Structure formats: C-alpha cells, structure tokens
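A.B. asks: My questions will all concern the structure given below.
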Amino acid sequence: MIRYILKRLLLAIPTLVGIVTLNFFIVQAAPGGPVDTIIARITGDEITAEARATRQDSGKNYGDNEQGLGSSSVISAKFISDLEKLYGFDKPVIERYFIMLKQFFTLDFGSSFFKDKTVIQLINEKLPVSISLGVSTTLIAYMVSIPLGIRKAVKHGGTFDVWSSFLVIMGSAIPTFLFAVMLIILFAGGNFFAWFPLRGLVSDGFTDMSVWRKFCDYLWHMALPVTGMIIGNFASLTMLTKNSFLDELSRQYVITAMAKGIKERRVLYGHVFRNAMLIVIAGFPHAFISMFFTGSLMIEVIFSLDGMGLLGFEAALSRDYPVMFSTLFIFTLIGLIISIISDITYTLVDPRINFRAAERG
C-alpha cells in the first residue's frame, strides 16, 4: 500500500504539470490580457478595450501613433511598456512559463494584479464559504442519495421506486439558479415567508455570539444555499447507487444468501454494499471538486456569498493571471489528492482489494 501511494504521488507531479501547462498556453493564446484590462479601466473606453482584445500580444500594437490608444487616449507607449515590465510581459512566453512553474513548486503564488493582495490572502478569505458549501453539499448528497438508491434498488419497479424517480429527476431538471430563486421567493422574504436570511454567511454581530448561537446562525444562513446546490446532485448519485445495487442483487451469492434466510439488511449492508459502492466511490473526486468549486458559482452570486467560485470567475473575466493559474493549480492538486484518498477508501469498503499488482507495475 505504501509503495502504491508513493507511486501515485510521483505520477501526480507530471499530471499536475501537464494540466497547468495546457491551461497556461491556452490562456496565452486567447485575445486580450491583464495589460489590456488595466488600460481599459484607465481610459473607460469599453469599445476600444474590445478592439484591443482582438490583438494577440498584450500591450503590443495599440496604434500607429505615439499615444498608442487612439486620438482620445492620453496614455503613452512608454506607460504601456512600463506596465508590461511591471507584470512581467516584457519576457518571452516560455520564460514566463518556467518562472510560473518555479514559483508554484516553491508555493509562491504571487499577488493579484487587481486586488492588491496576495493569492494566498484571497484564497484564505474565500475558502470558508467554499468549504461550507462544498463539504455540506457533498456530505448531505451522499448521506441521502446512497440510502435512497439502495431502497430504490430493493423496491425496483414498485410504487416507491416510480414516484421517487419522478421526484428526483424533476429536481435535477430544474436549473440550480432557478431553484435558488424559488427558495428566495418562498422562504427569504420574497412573496411568502421570511424564515431565512437573503444573503451572507453569518449575521451582524456574529463575533459577539456564544458558540451555540454561532453554530445556529451559521446553519440558518447555510440552509437555503446548500438546499439550492444539492437539489441537482441527487439524481445522478441516486440512480448510480440504485443501478450498482441492482447489478449486485442479481448475482448468485446474493440469491444464495437470501435463500439461506439471512436477513435482508445484513445481506444488503454486509455483502452487497462493499461491492456496489466501489463505482460510487470512484466518482467521488469529480463530484467533490465540482460541488466544492465550480458548482457553487451561481449560488454564491444569488446569495451574495464571496467564495472560490466567484473568485475564479472574476479572475477569468479580468485576466488576473496569478489568481487564475494559482487557483487552477490548487484545485488540480486537491483533486489528485482526493483521487488517491478514494483509492485508499476502496480497501476500507472492500478489504479484499489490494494494490500489490499496481505496486509491482
């Protein structure tokens, strides 16, 4: 097991480098850049900014005159050159790439181009929101979907299976943002009830509350955002669990166990569970990363929660390269680590699994 984990950790390094490299050069090939964004903000000329964004090299060829930005601009070519030098765009792309790799592998993520903070400071500020949404949503989704999928498999074709499938599929068909808006209208002071807060992670005066009141206040604020995120994640996980259990329930060892009079619960959770859950566990890394980061963007916007999803989105819009590449690096690293943890979890669910063959490979 130890050798297998070490091997996976070593393989994670080229995987991480490959993903970061691919995204770095894709972003470099895209029109526009941080210098274009800064100049557009200074001039306030959005049309001119769009025109500049069609040029491949950031800060290059802004015009034929010395001003460089058209007749309405007072920004000199020297100022543009100074901006390029300040942000490192006076260096060739390959050199910038290797500088970035060196910084990342020394855990130096640099500073945001636009927020006057280091990337680590920004992540520390946004991470509590993403952890709250991602971990809560993932845990609840698995705690509800797995028992529900098992029950649907046992009652396959029955009334419970049909109606639960209808409700689950209907829930997944509703877009997350639309369901979140419905929750606000119904329960957050819209046209009906004002049971929950409309925005924010905690109430004013949170620091002066007792520990119990802080806990309750936190749950009160998280109720609607988590519900909004979780509704669309039930269908795939529930149906995956159901189909996995259906496949195992048709096997001979289950039929034999039932024929011997062993209780259904013992057969399901003592024998079938560890085999059927392997495919569910395999999908955990992707589900966790999706809910933890990318899936929370709309919820963060609707409920005014400033988390990692919104940070990454804003960084992409403004071409804030340090934030874009650093968050990508961190997300990818977390995903690879969770994937290794999932492999280890296989052995906990089914002790018959071992990695000796992988270790010999």
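First residue of the sequence shown: 36, per the working numbering; consecutive thereafter. Every residue gets a Cβ at the ideal spot worked out from N, C-alpha and C, and that includes glycine. Since the structure is predicted, the reported quantities are computational estimates derived from the model, not experimental observations.
1. So the alpha helix (DSSP H) W247 belongs to, where does it begin and stop?
2. In the structure shown, what three-state DSSP assignment does T153 receive?
3. Under the rule that 16 or more other beta-carbon atoms within 10 Å means buried, what is R76, buried or exposed?
4. Taking 8 Å as the cut-off, does the segment 361-370 touch the segment 46-54 (at least 3 CB pairs, one atom from each stretch)?
5. For P357 and L168, what's the separation of their Cα atoms in angstroms?
6. Which residue wins for smallest C-alpha separation from V55, given the options E119, L136, R43?
7. What distance in whole Å lies between the Cβ atoms of T172 and V261, which are believed to be in contact at a cut-off of 8 Å?
8. Quick check: what's the CA-CA separation for K126 versus V164?
9. Where V154 and L142 are concerned, what is the direct C-alpha to C-alpha distance, given to the nearest angstrom?
10. Since P49 is in the alpha helix (DSSP H), which residue starts that stretch and which ends it?
11. Under the DSSP definition of a beta bridge, which residues are partnered with A223?
12. Leaving out the 5 sequence neighbours to the left and right, which residues in its chain are closer than 6 Å to I290 when beta-carbon positions are compared?
13. When the Cα of A176 is compared with those of L44, Y304, F269, which residue comes out closest?
14. Of the residues I337, F338, L332, which one's Cα is nearest the Cα of E349?
15. Quickly, what does DSSP pair S146 with across the bridge? List them, please.
16. So with Cβ pairs under 9 Å, would you call G169 a contact of chain B?
17. Thinking F231 and L272 are a contact (beta carbons under 8 Å), I'd like their distance in whole angstroms, please.
18. Under the rule that 16 or more other beta-carbon atoms within 10 Å means buried, what is T194, buried or exposed?
C.D. replies: Reading from the atomic positions:
1. That run of the alpha helix (DSSP H) goes 246-265.
2. Strand, per DSSP.
3. Classification of R76: exposed, given that the 10 Å Cβ count is below 16.
4. Proximity of the segment 46-54 to the segment 361-370 meets the contact definition, three or more beta-carbon pairs being nearer than 8 Å.
5. Cα-Cα distance, rounded: 24 Å.
6. A check of alpha carbon separations from V55 across E119, L136, R43 identifies L136 as the nearest.
7. Between V261 and T172, the beta carbon gap of about 6 Å places them in contact (Cβ cut-off 8 Å).
8. Put simply, the backbone Cα of K126 is about 37 Å away from that of V164.
9. Straight across, the Cα-Cα distance linking V154 with L142 is about 11 Å.
10. For P49, the enclosing alpha helix (DSSP H) has its first and last residue at 37-64.
11. Beta bridge pairing from DSSP links A223 with A229.
12. For I290, where only same-chain residues beyond five positions count, there are no Cβ hits under 6 Å.
13. Here the closest residue by C-alpha is F269.
14. Of the candidates I337, F338, L332, the one whose C-alpha sits nearest the C-alpha of E349 is L332.
15. T153, per the DSSP bridge assignment.
16. Although the question refers to chain B, the structure presented lacks it and comprises just one protein chain.
17. Wrong, their Cβ atoms sit about 25 Å apart, outside the cutoff.
18. It counts as exposed.
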